DNA sequence: TACGTTGGTCAACGAGCGTTGGCCAACATT
DNA sequence: AATGTTGGCCAACGCTCGTTGACCAACGTA
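Residue numbers (the working numbering), protein chains in the order written: chain U, 111 to 309; chain E, 111 to 309.
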């Protein structure tokens with residue numbers, strides 16, 4: 111049904127295929143299209159044209175459009191370790207800087223946010239990122255384990271809100287903020303959401 | 111080209127038409143579909159079926175799909191006046207509470223955010239809301255006129271981020287936050303973005 | 001009662017989409 | 001050299017979409 115039989119799910123396992131270059135080109139083109147156009151308007155035909163291959167190849171390698179999307183947007187936030195009292199005290203700044211790094215050279219995140227806003231599967235995928243990556247990071251910093259989900263959600267709301275206004279909606283005043291300004295304004299917010307005593 | 115000749119742009123001007131009920135039903139159905147499905151997947155056929163009329167009626171009354179969208183999502187945030195020192199001191203709380211009210215009973219905002227994330231016209235429309243409504247509100251509260259755009263953008267990032275995680279992506283921990291919790295956490299953030307001395 | 005205007009349905013068009021299957025060339029293996 | 005496997009293209013299917021234009025019924029007016 112899908113290409114699972116002929117596609118090694120673990121990269122690097124087995125002999126490298128002759129078609130790996132094509133596979134990569136498809137993924138790269140897909141990320142770009144999903145990031146700029148969203149799920150519906152990123153057509154397989156356009157992605158194939160960007161990758162200089164036939165649309166049917168996309169089907170062969172990734173089964174269908176959703177399979178391509180799943181393969182294209184594999185998000186790993188690479189959140190730094192934040193245990194240790196000194197790092198915990200600077201968690202806000204560390205996290206904001208890390209997020210800016212991530213968003214600026216990684217169109218996967220823009221693609222995921224754009225698709226998550228329209229597509230149910232995309233939204234569930236975003237929920238997974240919050241649950242599996244953001245929440246554990248908050249757990250390292252936040253004192254009360256019971257408050258971790260709420261605090262992680264608050265952190266997500268501010269970080270994703272910045273990404274939304276700056277990288278997706280491209281609101282001019284949000285685009286014109288410098289990196290230093292963003293860190294200076296948002297770091298205390300994130301720090302408070304994670305470590306301040308509950309209201 | 112569009113229905114402008116037969117459609118009074120100012121509601122209430124001229125004699126009320128017999129078709130006003132149908133027009134309203136179309137707009138209501140359109141808002142719902144745009145809010146839940148986004149621009150591309152909200153089909154004119156589905157909207158027409160919801161409104162119990164023929165798809166061609168939508169074309170006759172609103173010209174084309176984009177015209178329908180423009181007519182359906184006319185956003186007025188109804189931001190309260192915030193001049194006066196006492197109100198300025200509570201601007202954060204007032205704004206957060208007002209935004210929660212707006213989002214909870216107004217699917218237009220969800221529609222606009224969802225479409226803005228995928229559609230260029232939608233994104234420009236959101237920029238217009240920031241420029242014409244949020245920015246003047248920030249101007250009433252923020253001391254330094256030169257910093258108004260940056261501070262309004264920060265406020266927008268936090269408020270839209272909450273709306274995104276809670277009403278669009280529906281992340282469980284963000285949905286489970288109570289209204290009181292949101293106000294308690296976000297009001298100081300907004301207040302700081304608007305009135306705290308620049309970093 | 002005749003007639004223009006308004007509100008509405010119906011059937012179809014052309015285009016673009018995801019998807020499929022058949023065919024062919026290049027390579028690897030024996 | 002013969003053959004199976006892999007990488008790739010081409011042409012088409014079936015579907016849905018936005019959009020159009022012809023046609024019809026109800027109404028207001030003269």
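Every residue gets a Cβ at the ideal spot worked out from N, C-alpha and C, and that includes glycine.
Here the structure is a predicted model, which is why all the values come from computation and not from measurement.
Only counting the same chain, and skipping five residues up and downstream in sequence, which positions put a Cβ closer than 7 angstroms to that of residue i?
{"i": "residue 247 of chain U", "result": "189, 192"}
{"i": "residue 312 of chain U", "result": "Absent from the model: residue 312 of chain U. The displayed extent of chain U is 111 to 309, so no value can be given."}
{"i": "residue 298 of chain U", "result": "202"}
{"i": "residue 217 of chain U", "result": "141, 142, 145"}
{"i": "residue 210 of chain E", "result": "289, 292"}
{"i": "residue 323 of chain U", "result": "Past the boundaries of the shown model lies residue 323 of chain U; chain U is included only from 111 to 309, so the question cannot be answered."}
{"i": "residue 175 of chain U", "result": "154"}
{"i": "residue 296 of chain E", "result": "206, 268, 272"}
{"i": "residue 168 of chain U", "result": "136, 154, 157, 158, 178"}
{"i": "residue 117 of chain E", "result": "With a pLDDT of 39 at residue 117 of chain E, under the threshold of 50, the predicted position of this residue should be treated as unreliable, though the coordinate-derived value follows. Excluding residues within five positions, the ones whose Cβ falls inside 7 angstroms are 171."}
Would you kindly work out how many angstroms separate the C-alpha atoms of residue i and residue j, rounded to a whole number?
{"i": "residue 283 of chain U", "j": "residue 126 of chain E", "result": "42 angstroms"}
{"i": "residue 275 of chain E", "j": "residue 134 of chain U", "result": "31 angstroms"}
{"i": "residue 205 of chain E", "j": "residue 270 of chain U", "result": "20 angstroms"}
{"i": "residue 214 of chain U", "j": "residue 198 of chain U", "result": "25 angstroms"}
{"i": "residue 255 of chain U", "j": "residue 261 of chain U", "result": "10 angstroms"}
{"i": "residue 182 of chain U", "j": "residue 130 of chain U", "result": "14 angstroms"}
{"i": "residue 273 of chain U", "j": "residue 267 of chain E", "result": "8 angstroms"}
{"i": "residue 239 of chain U", "j": "residue 259 of chain U", "result": "13 angstroms"}
{"i": "residue 241 of chain E", "j": "residue 173 of chain U", "result": "44 angstroms"}
{"i": "residue 187 of chain U", "j": "residue 281 of chain E", "result": "18 angstroms"}
{"i": "residue 162 of chain U", "j": "residue 151 of chain U", "result": "19 angstroms"}
{"i": "residue 308 of chain U", "j": "residue 194 of chain U", "result": "21 angstroms"}
{"i": "residue 257 of chain E", "j": "residue 137 of chain U", "result": "41 angstroms"}
{"i": "residue 253 of chain U", "j": "residue 196 of chain U", "result": "14 angstroms"}
{"i": "residue 316 of chain U", "j": "residue 212 of chain E", "result": "This structure leaves residue 316 of chain U out entirely; chain U is present only between 111 and 309."}
{"i": "residue 180 of chain E", "j": "residue 287 of chain E", "result": "32 angstroms"}
{"i": "residue 249 of chain U", "j": "residue 128 of chain U", "result": "44 angstroms"}
{"i": "residue 132 of chain U", "j": "residue 132 of chain E", "result": "52 angstroms"}
Could you give the C-beta distance for residue i and residue j, rounded to a whole number, given that I count them as a contact under 8 angstroms?
{"i": "residue 293 of chain U", "j": "residue 207 of chain U", "result": "6 angstroms"}
{"i": "residue 171 of chain E", "j": "residue 229 of chain E", "result": "Contact doesn't hold; Cβ gap of about 21 angstroms is too wide."}
{"i": "residue 184 of chain U", "j": "residue 157 of chain U", "result": "No, residue 184 of chain U and residue 157 of chain U are not in contact; Cβ-Cβ is about 16 angstroms, not under 8 angstroms."}
Cutting at 8 angstroms between CB atoms, please list the residues of its own chain near residue i, excluding the five before and the five after it.
{"i": "residue 226 of chain E", "result": "232, 233, 235, 236"}
{"i": "residue 251 of chain U", "result": "192, 198, 201, 304, 305"}
{"i": "residue 244 of chain U", "result": "187, 189, 262, 265, 266"}
{"i": "residue 119 of chain E", "result": "In this prediction, residue 119 of chain E scores a pLDDT of 39, lower than 50, which makes its location untrustworthy; the coordinate-derived value is nonetheless stated afterwards. Within the same chain, residue 119 of chain E has no close Cβ partners at all."}
Counting only the same chain and skipping the five closest in sequence on each side, list residues whose C-beta sits under 6 angstroms from that of residue i.
{"i": "residue 265 of chain U", "result": "300, 303"}
{"i": "residue 114 of chain E", "result": "Bear in mind that a pLDDT of 34 at residue 114 of chain E, under 50, signals an unreliable position, so the number given afterwards is only what the model happens to contain. Excluding residues within five positions, none has a Cβ falling inside 6 angstroms."}
{"i": "residue 310 of chain E", "result": "The requested residue 310 of chain E does not occur in the structure, where chain E is confined to residues 111 to 309."}
_Short-range partners of chain U found in the region 187-220 of chain E, where Cβ spacing is below 9 angstroms_ = Residues passing the 9 angstroms Cβ filter: none.
Worksheet entry | Residues in the region 242-255 of chain U having any Cβ partner in chain E nearer than 9 angstroms | Of all residues in the region 242-255 of chain U, 245 have a Cβ within less than 9 angstroms of some Cβ in chain E.
Interface positions of the region 162-175 of chain E facing chain U (Cβ-Cβ less than 7 angstroms), listed along the chain: Listed by position, the residues of the region 162-175 of chain E near chain U (Cβ gap below 7 angstroms) amount to none.
Notebook entry, point to check: If you measure beta-carbon to beta-carbon, which residues of the region 255-267 of chain E are closer than 7 angstroms to chain U?
Noted result: 259, 260, 262, 263, 264, 266, 267
Members of the region 126-155 of chain E that neighbour chain U once the beta carbon cut-off is set at 9 angstroms
147, 148, 149, 150, 151
Under 9 angstroms (Cβ pairs) to chain E, residues found in the region 277-292 of chain U | Per Cβ criterion, the list reads 278, 279, 280, 281, 282, 283, 284, 285, 286, 287, 290, 291, 292.
Open item on the list: Please list, in chain order, the residues of the region 226-240 of chain U that have any C-beta partner in chain E closer than 7 angstroms.
Closed with: 226, 227, 228, 233, 236, 237, 240
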